[in-house]
Amino acid sequence: MKQLNERIAERIISIPDYPVNGVIFRDVMPVFTDAELFRDIILAFADFHKNDNVDVVAGVEARGFIFGGALAAALGCGFVPIRKAGKLPRECVTESYELEYGLGVIEAQKDSIKPGQRVVIIDDLLATGGTVNAVARLVRKLNANVIASDFMVELGFLNPRPNLVGCGTVNSLLTYH
């Protein structure tokens, strides 16, 4: 039987020159159409945290919602969506971060993560680390603890890990070198 990383790689579609010339876009959406593969991905993420006493999984918009809800259910803990600014009702905590083309802002509802809670951040892809660093700062603003950051895919050729600050243990299932 093939290893999980090989199975993931087979389902990801690489699209050259999208969204701009010179970029290879990794379309992960086909992973979600394979029920057995998706289940195995969630089980692999859950296995990383079987002894971590996770209180909350924070899923980054949008594909992190898909992984995050499933992982939270597998771990028996809460799920918190980390959204782009302006998408959540009630009082929110925000954090800014740099994008290639400007500034991004993410938010979470102020009461969604409690002080002292143990948080796992999850997203589909780790590229430069800008988004996950912003999420980790947001979690710390809420006086909670980031214990890990999980990604299905890591763009290792961008060398993101040295850029990560306060993101806990970093887990990825497939790395492109």
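First residue of the sequence shown: 451, per our numbering; consecutive thereafter. Every residue, glycine too, gets a C-beta built ideally from N, C-alpha and C.
Per-residue DSSP class, three states only, for Gly519: Your numbering for residue 519 matches position 69 in the sequence shown. Gly519: helix per DSSP, three-state reduction.
- prompt: What whole-angstrom Cβ distance do Leu588 and Glu545 have, given they're in contact under 8 Å?
  reply: Start at 1 with the first residue of the sequence shown, and residue 588 comes out as number 138. Start at 1 with the first residue of the sequence shown, and residue 545 comes out as number 95. Contact holds; Cβ gap of about 4 Å.
message: Taking the alpha helix (DSSP H) that Lys534 belongs to, which residues open and close that run?
response: Within the sequence shown, residue 534 is the residue found at index 84, counting from 1. Segment Gly528 to Lys534 is the beta strand (DSSP E) holding Lys534; no alpha helix (DSSP H) there.
- prompt: Can you tell which of Glu557, Ala535, Ile458 and Gly616 has the C-alpha that lies nearest to the C-alpha of Met602?
  reply: On the sequence shown, position 152 is the one that residue 602 refers to. That would be Ile458, whose Cα lies nearest to the Cα of Met602.
message: Counting C-beta neighbours from all protein chains within 10 Å, is the total for Gln453 16 or more, i.e. buried, or is it exposed?
response: Along the sequence shown, one-based indexing puts residue 453 at 3. Exposed.
query: Between which two residues does the alpha helix (DSSP H) harbouring Val582 extend?
result: Here residue 582 refers to the residue found at position 132 when the sequence shown is read from its first residue. Here the alpha helix (DSSP H) through Val582 covers Gly580 to Lys591.
task: Taking the CB atoms as reference points, tell me whether Phe579 and Asn613 lie closer together than 8 Å.
output: Here the question's residue 579 lines up with position 129 in the sequence shown. Here the question's residue 613 lines up with position 163 in the sequence shown. Checking the displayed sequence, the identity of residue 579 turns out to be Gly instead of Phe. In this structure, Asn613 lies closer than 8 Å to Gly579 by Cβ.
Cβ-Cβ distance between Ile572 and Phe495 below 8 Å: As a first step, residue 572 must be located in the sequence shown, where it is residue number 122. As a first step, residue 495 must be located in the sequence shown, where it is residue number 45. Their beta carbons are under 8 Å apart, which means Ile572 touches Phe495 by this criterion.
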